[in-house]
Amino acid sequence: MFEMILPVFKLGSLALKSICKPIGKRLKKEAGSNPNFRQSIINLAQANHRLSTNIQRQIYGQATNTKIRPLNEEKAVQAAADLLGEIFIFTVAGLGITFEVQRSSRSEARKEAARKEELEVIRRRQDDLERQLEDLKQTLAQPKQTRPMAVLSLRLPSGSIGNRTMYA
168 MFEMILPVFK LGSLALKSIC KPIGKRLKKE AGSNPNFRQS IINLAQANHR LSTNIQRQIY
228 GQATNTKIRP LNEEKAVQAA ADLLGEIFIF TVAGLGITFE VQRSSRSEAR KEAARKEELE
288 VIRRRQDDLE RQLEDLKQTL AQPKQTRPMA VLSLRLPSGS IGNRTMYA
């Protein structure tokens, strides 16, 4: 059953990725046109620009205390819209991966529980056999006179002389 779910899940995740890309592009387009949202994303883009510029300067060993020129408004809107689109796509991908990991771990937990149950059944069977062996050892250790008489019943196939009962 689970073998059938995996290809369906992979196909679904591929479809989800295909759907997310146009949604991300739409977010980019709409982000620049809404005036209230526009100022928020400009501020986000400027903060992202300052952070990435400082990181680049640290990597290349340049001074980080110099002033960073802000992006012009159109570049800031475009950068923020790109950032929002990428965040959306990566969030969906991250959620998909999280779902797959949780599903896989639940499947492994079920398999482990089944293995433990099977092992417990084997242990109980072994304990039963050990008890039977001890009972047989005790029976054989008793002197012959005190042993209970075992009645062996021998069943012969039909058409033979008859059933025989023997005493040991």
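Anchor point for the sequence shown: position 163 equals 330 in my numbering, and the numbering is continuous, going up by one each time. No residue lacks a Cβ here, since even glycine has one placed at the ideal position from N, Cα and C. Please read all numbers here as calculations on a predicted model, not as lab measurements.
Would you tell me roughly how many angstroms separate the C-alpha atoms of Leu-300 and Ala-308, rounded to the nearest one?
12 Å
Quick check on Gly-261: buried or exposed, where buried means 16 or more other Cβ atoms within 10 Å of its Cβ?
exposed
Straight-line CA distance for Glu-253 to Lys-278?
37 Å
Could you check how far apart the C-beta atoms of Thr-220 and Ile-235 are, in whole angstroms? I think they sit under 8 Å.
5 Å
I'd like the span of the alpha helix (DSSP H) that includes Thr-258, first residue to last.
240 to 308
Our contact map puts Gln-269 next to Pro-237 with C-beta atoms below 8 Å; I'd like the distance itself, whole angstroms only.
That belief does not hold up - the Cβ atoms of Gln-269 and Pro-237 are roughly 42 Å apart, past 8 Å.
I'd like to know whether the C-beta of Gln-213 is nearer than 7 Å to at least one C-beta of chain C.
As a matter of chain content, chain C is missing from the structure shown, which is built from one protein chain.
Report all residues from its chain with a CB closer than 6 Å to the CB of Arg-224; omit the five preceding and five following residues, and keep chain order.
Thr-231
In whole angstroms, what separates the C-alpha of Phe-266 from that of Ile-190?
21 Å
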